[in-house]
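See structure below.
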Amino acid sequence: MYKIMTPGPTQVRDNVRAARSLMTTNPDIDTDFAEYYKSTCDMIAHIINSTGNVYILSGEGILGLEAACASLTEASDRVLVIDNGIYGKGFADFVKIYGGEPVLYTKDYRESINPDELRKYLEGDHDFKYATVVHSDTPSGMLNDVSSICPLLKEFGMMTVVDTVSASFGVPLDVDKSQIDICCMGSQKALSAPPGLTMIAVSNDAMKSMLERKTPIASFYCNILTFKDYYKDKWFPYTMPISDILGLNKALKNVLFDRTIYDRHRIIAEASRKAVTSAGLELYPKAGYCDTVTVFRVPEGLTDRQILDTMKDDYNILIAGSFDVLGGKVIRIGHMGENANIRDMAETFMALDKTLAKLGYPVKTNMYDIFMEEMNNVEIVFD
75 MYKIMTPGPT
85 QVRDNVRAAR
95 SLMTTNPDID
105 TDFAEYYKST
115 CDMIAHIINS
125 TGNVYILSGE
135 GILGLEAACA
145 SLTEASDRVL
155 VIDNGIYGKG
165 FADFVKIYGG
175 EPVLYTKDYR
185 ESINPDELRK
195 YLEGDHDFKY
205 ATVVHSDTPS
215 GMLNDVSSIC
225 PLLKEFGMMT
235 VVDTVSASFG
245 VPLDVDKSQI
255 DICCMGSQKA
265 LSAPPGLTMI
275 AVSNDAMKSM
285 LERKTPIASF
295 YCNILTFKDY
305 YKDKWFPYTM
315 PISDILGLNK
325 ALKNVLFDRT
335 IYDRHRIIAE
345 ASRKAVTSAG
355 LELYPKAGYC
365 DTVTVFRVPE
375 GLTDRQILDT
385 MKDDYNILIA
395 GSFDVLGGKV
405 IRIGHMGENA
415 NIRDMAETFM
425 ALDKTLAKLG
435 YPVKTNMYDI
445 FMEEMNNVEI
455 VFD
């Protein structure tokens with residue numbers, strides 16, 4: 075088995091795997107399951123501070139993004155797509171599928187969104203039904219400050235859809251304070267459950283907009299409204315993946331009991347970035363770094379495949395390249411959830427040092443040494 079140090083899926087704790095092996099009931103008939111499902115949703119709401127409607131959908135994280143667009147978009151709706159990363163731009167495809175008109179606000183993929191510049195743009199054009207924002211664009215390691223961006227969008231009269239699949243549970247998030255109308259999360263990133271579930275938090279404004287549509291939602295599986303009365307009716311629109319939800323429940327409890335979770339992600343991320351730059355490698359983002367992933371450029375004279383394959387074949391560690399416009403250009407190390415620990419990150423940097431040496435690339439200093447030096451200076455004791 076490989077050590078998975080990718081930016082999702084991540085390593086899964088033993089107690090989550092054990093929970094997924096428990097005996098299951100029939101979630102279509104056993105009304106006790108509706109209570110369990112709701113208690114799991116309530117934990118999510120507590121962690122992200124949402125007073126909206128929280129639902130767990132059966133499908134990988136992208137399901138939530140498409141469901142948000144499917145449920146809000148009607149023909150000819152103008153939608154502002156904030157594009158400073160591959161996933162940011164990707165929202166435009168979902169908007170078009172459901173008949174909307176995506177308008178891209180495109181910025182440097184190496185910079186986070188500047189709210190002052192966005193305000194100037196909105197002063198000239200803000201006739202949009204909703205806007206889409208990516209909290210953490212994993213392909214590039216970019217983090218956008220949704221706590222500043224989303225209230226600004228709401229100020230100009232539009233709803234907000236946020237993809238926080240790869241930031242939530244690793245980066246602090248306050249959904250209500252940030253005025254996020256549909257917050258999309260996934261099970262396989264910093265939450266460290268297996269892939270297969272989407273979690274969404276839906277505001278009253280978003281529910282009202284869906285209920286007042288002039289045309290039906292052009293999907294069943296991506297129709298958020300099908301979950302609206304699940305608790306009152308003790309009925310789900312399709313058979314829920316009960317084993318996945320048992321594991322999710324345990325993963326959420328792991329987060330709730332981890333008093334240092336955000337400090338741990340921040341400290342390990344800062345140490346990782348210092349290790350990479352001290353070695354003479356170049357981080358891809360110029361600023362706005364996300365604490366769940368470190369992304370650096372492939373060193374000159376090497377290919378991403380040389381690095382990834384050597385790490386995998388010689389040291390049994392999986393890290394990741396990227397795709398789309400960043401395909402072949404960057405390397406990504408995921409330090410989110412169960413990956414965000416000193417032992418595994420130290421092992422990863424030791425292997426990366428050896429990999430670059432094998433490939434003949436000279437580094438200024440060993441990344442392992444810098445990382446451990448930074449961690450030895452940390453006063454906080456991780457849970």
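Under this note's numbering, the residues of the sequence shown are numbered 75 to 457, in order.
Where is the CB? At the ideal position from N, CA and C, for every residue including glycine.
Can you tell me whether residue i is helix, strand or coil according to DSSP?
{"i": "residue 235", "result": "strand"}
{"i": "residue 153", "result": "strand"}
{"i": "residue 363", "result": "strand"}
{"i": "residue 406", "result": "strand"}
{"i": "residue 274", "result": "strand"}
{"i": "residue 211", "result": "strand"}
{"i": "residue 392", "result": "strand"}
{"i": "residue 147", "result": "coil"}
{"i": "residue 122", "result": "helix"}
{"i": "residue 216", "result": "strand"}
{"i": "residue 376", "result": "coil"}
{"i": "residue 322", "result": "helix"}
{"i": "residue 357", "result": "strand"}
{"i": "residue 301", "result": "helix"}
{"i": "residue 415", "result": "coil"}
{"i": "residue 75", "result": "coil"}
{"i": "residue 201", "result": "coil"}
{"i": "residue 333", "result": "coil"}
{"i": "residue 137", "result": "helix"}
{"i": "residue 314", "result": "coil"}
{"i": "residue 111", "result": "helix"}
What residue range is occupied by the uninterrupted alpha helix (DSSP H) comprising residue i?
{"i": "residue 447", "result": "441–450"}
{"i": "residue 220", "result": "220–229"}
{"i": "residue 81", "result": "Run containing residue 81: none; DSSP gives neither H nor E here."}
{"i": "residue 189", "result": "189–198"}
{"i": "residue 162", "result": "160–171"}
{"i": "residue 99", "result": "Run containing residue 99: none; DSSP gives neither H nor E here."}
{"i": "residue 267", "result": "Here residue 267 belongs to no alpha helix (DSSP H), and DSSP marks it neither H nor E."}
{"i": "residue 292", "result": "Element bounds for residue 292: n/a, residue is neither H nor E."}
Which two residues bound the contiguous beta strand (DSSP E) that contains residue i?
{"i": "residue 368", "result": "367–371"}
{"i": "residue 127", "result": "127–132"}
{"i": "residue 176", "result": "175–180"}
Can you tell me the Cα-Cα spacing of residue i and residue j, whole angstroms?
{"i": "residue 395", "j": "residue 104", "result": "44 Å"}
{"i": "residue 387", "j": "residue 380", "result": "10 Å"}
{"i": "residue 401", "j": "residue 263", "result": "21 Å"}
{"i": "residue 111", "j": "residue 243", "result": "19 Å"}
{"i": "residue 466", "j": "residue 220", "result": "Not covered by the structure: residue 466. The range shown for the chain is 75 to 457."}
{"i": "residue 213", "j": "residue 107", "result": "37 Å"}
{"i": "residue 205", "j": "residue 445", "result": "39 Å"}
{"i": "residue 193", "j": "residue 161", "result": "22 Å"}
{"i": "residue 267", "j": "residue 84", "result": "8 Å"}
{"i": "residue 151", "j": "residue 173", "result": "8 Å"}
{"i": "residue 233", "j": "residue 409", "result": "31 Å"}
{"i": "residue 121", "j": "residue 434", "result": "46 Å"}
{"i": "residue 270", "j": "residue 119", "result": "19 Å"}
{"i": "residue 191", "j": "residue 454", "result": "37 Å"}
{"i": "residue 465", "j": "residue 311", "result": "In this structure the chain extends from 75 to 457, so residue 465 is not present and cannot be described."}
{"i": "residue 420", "j": "residue 384", "result": "17 Å"}
{"i": "residue 245", "j": "residue 252", "result": "14 Å"}
{"i": "residue 226", "j": "residue 189", "result": "8 Å"}
{"i": "residue 403", "j": "residue 373", "result": "9 Å"}
{"i": "residue 217", "j": "residue 304", "result": "34 Å"}
Quick check on this structure: which residue in the options has the alpha carbon closest to the alpha carbon of residue i?
{"i": "residue 366", "options": "76, 75, 81, 77", "result": "81"}
{"i": "residue 208", "options": "201, 135, 171, 268", "result": "135"}
{"i": "residue 203", "options": "307, 380, 283", "result": "283"}
{"i": "residue 129", "options": "191, 393, 277", "result": "277"}
{"i": "residue 159", "options": "187, 142, 132, 174", "result": "187"}
{"i": "residue 515", "options": "269, 272, 223, 271", "result": "Within the shown structure, residues of the chain are numbered from 75 to 457, placing residue 515 beyond reach of any answer."}
{"i": "residue 329", "options": "91, 85, 117, 95", "result": "117"}
{"i": "residue 428", "options": "352, 442, 218", "result": "442"}
{"i": "residue 153", "options": "144, 137, 175", "result": "175"}
{"i": "residue 324", "options": "75, 90, 77", "result": "90"}
{"i": "residue 75", "options": "389, 256, 215, 405", "result": "389"}
{"i": "residue 353", "options": "295, 423, 438", "result": "438"}
{"i": "residue 96", "options": "319, 285, 197", "result": "319"}
{"i": "residue 20", "options": "317, 423, 359, 392", "result": "Beyond the ends of the chain as shown, which are 75 and 457, falls residue 20; an answer cannot be given."}
{"i": "residue 261", "options": "240, 245, 279, 252", "result": "240"}
{"i": "residue 93", "options": "449, 382, 327", "result": "327"}
{"i": "residue 364", "options": "375, 415, 344, 137", "result": "344"}
{"i": "residue 391", "options": "254, 418, 231, 200", "result": "418"}
{"i": "residue 237", "options": "156, 359, 149", "result": "156"}
{"i": "residue 411", "options": "98, 289, 184, 338", "result": "338"}
May I ask you to list the residues that DSSP assigns as paired with residue i?
{"i": "residue 260", "result": "272"}
{"i": "residue 206", "result": "155, 235"}
{"i": "residue 438", "result": "Note: residue 438 sits in no beta bridge, so no partner."}
{"i": "residue 242", "result": "245"}
Examine chain D for any beta-carbon lying closer than 8 Å to the beta-carbon of residue i, and answer yes or no.
{"i": "residue 191", "result": "Judged by its chain identifiers, the structure shown contains no chain D, having just a single protein chain."}
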